[in-house]
Amino acid sequence: MKKAEIKLIVLDVDGVLTDGKLLIGSNGAEYKSFHVKDGMGISLARYHGIKIAIITGRKSESVNIRSKELNVDFIFQGITNKEEALNEIVTSLNMNLQNVFYMGDDINDLSVIKLVGFSSAPSDAADIVKKSVNFVSNFTGGNGAVREAIELVLSQQTDYHVLVESYLNKNTNLT
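Just so we're aligned, residue 24 is where the sequence shown starts under the numbering used here, counting upward by one.
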């Protein structure tokens with residue numbers, strides 16, 4: 024994988040941070056399930072100084088809540104043109120697309136996957152997506168795929184064990 028240093032991680036939500044299932048209550052509220060392992064991976068990446076962004080085609084209050092918990096830097100919901108949203112983020116950070124890692128799972132992610140320096144997909148992503156990315160996780164969306172990909176990125180950029188030790192020493196109130 025050793026290419027340009029990753030400075031920004033961009034994630035899709037449905038099928039990547041979640042298993043892709045939509046739970047809709049009788050009141051119309053939408054519920055999503057996020058894996059804590061993925062959340063820890065995001066926290067480790069942020070600790071290492073990597074910015075985090077979410078670009079998703081759907082709108083959900085669950086995504087706002089989880090993003091706030093994880094201190095996500097950029098949240099774009101209800102997006103039909105993910106490439107445009109990505110370019111807006113990269114421009115605001117004065118960053119090169121080669122410094123971006125993107126994880127997506129379906130055909131609406133392909134245009135972004137082709138632009139970035141490193142791309143990944145969960146094991147249950149659409150076949151065309153899995154054939155287009157640099158790394159296919161051993162895990163399905165919403166079940167640790169994000170964590171595995173982030174660990175791969177971090178291990179290429181730093182001594183992962185030293186990073187974890189430093190993180191643990193600074194964050195004694197982990198839950």
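From the three backbone atoms N, C-alpha and C, an ideal C-beta is built for every residue, glycine too.
These numbers come from a predicted model, not from an experiment.
Looking at the secondary structure, which residues open and close the beta strand (DSSP E) in which residue i lies?
i, result
"Lys-74", "74-78"
"Met-126", "123-126"
"Leu-186", "No beta strand (DSSP E) holds Leu-186; the alpha helix (DSSP H) holding it covers 183-193."
"Ile-112", "From DSSP, Ile-112 is part of no beta strand (DSSP E) but of the alpha helix (DSSP H) over 105-115."
Buried or exposed, going by whether 16 or more other CB atoms sit within 10 Å of the CB of residue i?
i, result
"Gly-51", "exposed"
"Pro-145", "buried"
"His-10", "There is simply no residue 10 to check, as the chain begins at 24 and stops at 198 in what is shown."
"Val-185", "exposed"
"Lys-193", "exposed"
With residue i and residue j assumed to form a contact (beta carbons below 8 angstroms), what rounded beta-carbon distance in angstroms separates them?
i, j, result
"Thr-163", "Asp-42", "7 angstroms"
"Ile-65", "Leu-93", "5 angstroms"
"Ser-85", "Lys-55", "4 angstroms"
If you compare alpha carbons, which of the options is closest to residue i?
i, options, result
"Val-95", "Leu-177, Asp-128, Gly-72, Leu-138", "Gly-72"
"Gly-101", "Ser-178, Gly-62, Asp-35, Ala-148", "Asp-35"
DSSP beta-bridge partners for residue i?
i, result
"Ala-144", "Val-159"
Can you tell me where the alpha helix (DSSP H) holding residue i begins and where it ends?
i, result
"Leu-31", "Run containing Leu-31: none in the alpha helix (DSSP H); it sits in the beta strand (DSSP E), 31-34."
"Ile-151", "150-153"
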